[in-house]
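Here the structure comes first, spelled out in structure tokens, and everything after it is commentary.
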Amino acid sequence: MGEGGEAGHADGFDEGYLVRQAQEGYLDAYAELVNRHSLLAYRVALRILGHHQDAEDVAQDALVTAWQQLPDFRGESSFSTWLYRIVTRRAVNRINRDRRHTSTDALSESGTEVPDDSTQTDLAFERNETVDAVTDAIQSLPPAQRIVVVLHHLEGLSYADVATVTGSSVPAVRSQLYRARRALGSALAEWR
Amino acid sequence: MTEGSQARRLLESASQLLACGADVDELLEQVADGEADRLTEHQRHCAHCQAAITEFRALWAPVQDYARQPVSVPRRLRAAVLKQVDRLVHDVWYTLQLTELGSIRVAARVVAAVARDTAGRVPGVRVVLGRSTESRIAQLVARATTDHLHPHAAVGVLGRTAVVDLALAVRYGDQVHQVAQEVQRRVIAELKEKIGLQSVTINVTVDDILPEPPG
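Protein chains in written order, with the numbering used here: chain Y, 2 to 193; chain P, 52 to 266.
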């Protein structure tokens, strides 16, 4: 699997060694893993959620969860694949939570003014029309389609790796991508 | 706004085939996967396919631009993660669950008590005692808490992970390994449900076999 844009670490420790050391409880080893993978965690969360603050919260939560679940990591996939899985699950939880809150808010506060969210828009991307349009188009997809688009088309994971991360099968991933590309394409055609 | 109308018509059409019989979804996949220039023999001679590929290439270009946009990680993220992890490591006598409403901590001795109580209710189990833990988490606990290390800890906890060591005496006549497995199964289920732990390891040692108590 590709590291999806992570910097190389030719002069650093081998990742397997760092993972084993972190599993033994050495914080320095985990700190190095966080150094290497915090960008991945944040970037995936940002691409799925489209919102800087939510992405930071989810990335932080995922990296802490990864530490807590390290004893269960058997090395059957790469650390980054395992982390992709944790981040996407946390992001889906966030989407579901926000949906519930939105639904409750809509019931309890109908008629009240909606808070201005403009100060919390994504600051980590350079703002431009293309980013806005693609972000909006991705956000309009159902979560399952959003995740496969982000993992395959933006992070560059293969169908097999996306299936591993999502706990799905390659045919199921392919099917989700067919639907997602059509929906995304239609949204982008409208924008153009 | 009109530039994308042809692509939109293709994508929203009821038929997923072009007039030449080519599959619209497969053409879009080819473009989206960066294979637009690798034309098949049919595509090299087909005006329908070439027109669709040209449309889809323009349509998908913003996604490819978006994928290339540099993303910078917030400076405070790493420090925030390590601060929380540090807190977990120094809270080894408690489980720790971070929720949206705050944190939930459960003392390790509560975990041990629930485990012992649950194991004691398994048919065939006569006596349940904790025993010294020799697991990886126990070693971590030892390193992190040298000031107040309990010499006979029966439980090691870290965040929402726990390792519990139990010593059993099994009733004479019962299948020892089946009783031990049932203890593991029930204690794991109980700790996950009652304490909210995510990962539980139960190490069982059968120390003795005892006869049925008289009466």
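Where a beta carbon is used, it is the ideal one built from N, C-alpha and C, also for glycine.
- Scanning chain P for C-beta atoms nearer than 7 angstroms to the C-beta of H154(Y) yields A83, V114 and A118, reported in chain order.
- Residue environment analysis places R100(Y) among the exposed positions, since fewer than 16 neighbouring C-beta atoms fall within 10 angstroms of its C-beta.
- Looking at E130(Y), V151(Y) and R21(Y), the one whose alpha-carbon comes closest to that of R48(Y) is V151(Y).
- In this structure, DSSP gives G207(P) an extended state, which the three-state scheme calls strand.
- CA-to-CA, the gap between K245(P) and V176(P) works out to about 21 angstroms.
- For the region 33 to 51 of chain Y, the residues whose beta carbon sits under 7 angstroms from a beta carbon of chain P are, in order, V35, N36, S39, L40, Y43, R44 and L47.
- Proximity of L242(P) to chain Y, defined by a Cβ-Cβ separation below 8 angstroms, is not satisfied.
- Residue contact check for D88(P) against chain Y: no CB pair falls below 8 angstroms.
- Here DSSP, grouped into helix, strand and coil, assigns Y160(Y) to helix.
- The beta carbon of G168(Y) sits no closer than 8 angstroms to any beta carbon of chain P.
- In the DSSP assignment, I155(P) is bridged to Q148(P).
- Counting only residues of its own chain and dropping the five nearest sequence neighbours on each side, A164(Y) has a CB closer than 8 angstroms to the CB of S170, V171, A173 and V174.
- In this structure, R172(P) is the residue among R172(P), Q229(P) and V227(P) with its C-alpha nearest to the C-alpha of V238(P).
- The C-beta separation of A166(P) from L217(P) comes to about 6 angstroms, placing the pair in contact by the 8 angstroms criterion.
- Non-local C-beta neighbours of A70(P) in its own chain, meaning closer than 6 angstroms and more than five positions away in sequence, comprise H99, ordered along the chain.
- Cβ-Cβ distances below 7 angstroms link L64(Y) to V35, S39 and A42 in the same chain, with the five nearest sequence neighbours on each side left out; the list follows chain order.
- Taking one beta carbon from each stretch, the region 182 to 190 of chain Y and the region 109 to 119 of chain P have 3 or more pairs nearer than 8 angstroms; the two touch.
- Below the 8 angstroms Cβ cutoff, chain Y contributes no neighbours of L248(P), its closest Cβ being approximately 10 angstroms away.
- In terms of Cα proximity to N97(Y), the closest of P144(Y), G76(Y), D58(Y) and L71(Y) is P144(Y).
- Cβ proximity to chain P below 8 angstroms picks out L178, Y179, R182, R183, L185 and G186 from the region 158 to 186 of chain Y.
- Scanning chain Y for C-beta atoms nearer than 9 angstroms to the C-beta of G210(P) yields V65, T66, W68, Q69 and Q70, reported in chain order.
- In terms of Cα proximity to F74(Y), the closest of V59(Y), R21(Y) and A161(Y) is R21(Y).
- Counting of Cβ neighbours within 10 angstroms places A170(P) among the buried residues, the total reaching 16 or more.
- For T105(P), the enclosing alpha helix (DSSP H) has its first and last residue at A98 to R119.
- Taken atom to atom, the span from the alpha-carbon of P125(P) to that of L178(Y) is near 30 angstroms.
- Chain-ordered, the chain P residues with CB closer than 8 angstroms to the CB of Q61(Y) read L128, A131, V132 and Q135.
- In the structure shown, the three-state DSSP call for N254(P) is strand.
- Nearest to L155(Y) by alpha-carbon distance, out of G168(Y), R182(Y) and E25(Y), is R182(Y).
- Annotation for A23(Y): A30, Y31, L34, W68 and L71 place their beta carbon closer than 8 angstroms to its own, counting only its chain and skipping 5 residues before and after.
- At a C-beta separation below 8 angstroms, V179(P) has no neighbours in chain Y, since its nearest C-beta there lies roughly 24 angstroms away.
- As DSSP reads the structure, D216(P) sits in a beta bridge with N254(P).
- Rounded to the nearest whole angstrom, the C-alpha separation of A131(P) and S78(Y) is 26 angstroms.
- At a cut-off of 4 residues, the continuous stretches assigned as alpha helix (DSSP H) that sit fully inside the region 11 to 98 of chain Y are 16 to 24, 28 to 50 and 53 to 70.
- In this structure, the CA atom of A46(Y) is about 11 angstroms from the CA atom of D62(Y).
- Within chain P, the C-beta atoms nearer than 9 angstroms to that of D73(Y) come from T212, Q249 and S250, in chain order.
- Interface flag for L79(P) against chain Y is set, since a Cβ pair is found closer than 8 angstroms.
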